[in-house]
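Structure first, commentary second.
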Ligand code: IPE
Ligand code: IPE
Ligand code: MG
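Residue numbers (full-length UniProt numbering): 1 to 269.
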């Protein structure tokens with residue numbers, strides 16, 4: 001049964017584990033992560049919260065490399081939500097400085113590992129230095145095609161749907177007189193994630209079980225995985241645990257289990 005399930009996700013590739021006898025796992029094509037728990041990681045060690053954010057950057061590097069090694073094509077990371085401006089000014093300021101330094105420092109490594117960087121969100125709210133660092137990192141990695149790393153910064157799922165609607169109305173004013181033109185496909189094509197497959201696997205670290213205004217539209221059929229691990233502790237083994245959980249899921253997309261099994265049998269021919 002598990003073997004059948006493995007073949008049912010049309011976008012998923014079944015691969016064999018390197019170690020003999022280990023069960024094959026399904027590699028999700030697109031993984032989306034809410035990197036939560038930096039502050040608590042630091043507080044537990046009697047350190048300032050910002051130390052947790054610095055450690056969080058190391059976990060990003062480790063996770064990006066683990067994704068490349070596993071053949072994951074898209075990794076989308078929630079780095080700063082549209083609500084995170086509500087944090088103390090000093091913490092926001094440290095996060096902004098950290099973004100600039102991480103972008104400048106990591107761009108060479110991203111290129112060497114074939115990672116293309118994209119930033120989604122309302123970047124116009126960032127200071128000019130950060131906006132320039134984002135543009136530069138995107139331009140310098142534009143030719144890479146192993147993994148698309150999308151960083152959501154000043155991003156909110158509600159903002160994304162609203163900006164997609166605004167774009168649709170601007171590009172197709174006839175929507176005003178013919179509302180039937182406002183279709184899920186028309187909105188989807190104007191989201192910040194347009195052109196990417198929807199996330200197969202969503203991971204949230206830090207123990208909270210909520211979406212916090214991340215990819216609201218795009219997560220409609222994503223498999224959700226929550227872990228108590230704090231983000232700075234997330235590593236390749238933690239990613240593999242999430243992938244193992246994902247591999248056990250039967251993705252039905254509204255169909256029955258029997259239909260899914262029949263499709264898998266037909267695909268195997
Ligand atoms: C996630 O960790 C990082 C950002 C939101 C920028 P937190 O800073 O939310 O850490 P906790 O949840 O307070 O522990
Ligand atoms: C979500 O984490 C945003 C990011 C990880 C960037 P938060 O820590 O801001 O979420 P809430 O406030 O606990 O829901
Ligand atoms: Mg948090």
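Just so you know, even glycine gets a beta-carbon here, dropped at the ideal spot from N, CA and C.
With contacts defined by Cβ atoms closer than 8 Å, residue 191 and residue 223 do not form a contacting pair.
Remark: the shortest separation between the CB of residue 35 and any heavy atom of ligand 1 falls under 7 Å. By the neighbour-count definition (other C-beta atoms within 10 Å, threshold 16), residue 181 is an exposed residue. According to the DSSP assignment, residue 203 belongs to the beta strand (DSSP E) that extends over 201-204. Residue 133 and residue 103 do touch by the CB rule: their CB atoms are close to 4 Å apart, below 8 Å. In the structure shown, residue 82 falls within a coil segment according to DSSP collapsed to helix, strand and coil. With a threshold of 16 other beta carbon atoms within 10 Å, residue 73 meets it and is buried. Counting along the chain, the unbroken beta strand (DSSP E) around residue 226 starts and ends at 223-226. Note on residue 267: under 16 other CB atoms within 10 angstroms of its CB, so exposed under the neighbour-count rule. DSSP, reduced to helix, strand and coil, places residue 118 within a strand of the structure shown.
Collapsing the DSSP output to three states places residue 154 in a strand.
Its chain contains 120, 121 as the residues whose beta carbon lies nearer than 6 Å to that of residue 155, once the 5 sequence neighbours on both sides are disregarded; these appear in chain order. DSSP lists 32, 150 as the beta-bridge partner residues of residue 76. Restricting attention to 91, 188, 147, the CA atom closest to the CA of residue 162 is found in 188. Ranked by Cα distance from residue 48, the options 94, 153, 33 are led by 94. For residue 25, the uninterrupted beta strand (DSSP E) segment begins and ends at 25-27.
Residue range 49-70 is occupied by the alpha helix (DSSP H) that includes residue 67.
Here the stretch 79-92 does not lie against the stretch 254-265, with fewer than 3 beta-carbon pairs under 8 Å apart.
Residue 175 and residue 183 have their alpha carbons spaced roughly 10 Å apart. Residue state for residue 142 is assigned as coil, using DSSP reduced to three classes.
Residue 232 places its beta carbon 8 Å or farther from that of residue 66. Not one heavy atom of ligand 2 lies closer than 7 Å to the C-beta of residue 154. Here the alpha carbon of residue 178 sits roughly 32 Å from the alpha carbon of residue 82. With contacts defined as CB atoms closer than 8 Å, residue 157 and residue 36 fail to qualify as a contacting pair. Membership of residue 94 in the alpha helix (DSSP H) is indicated by the continuous run 89-112.
Between ligand 1 and the CB of residue 103, the shortest heavy atom gap is not smaller than 7 Å. When distances are taken from the beta-carbon of residue 234 to the heavy atoms of ligand 2, even the shortest one reaches 7 Å or more.
Distances between the C-beta of residue 80 and the heavy atoms of ligand 1 include at least one below 7 Å.
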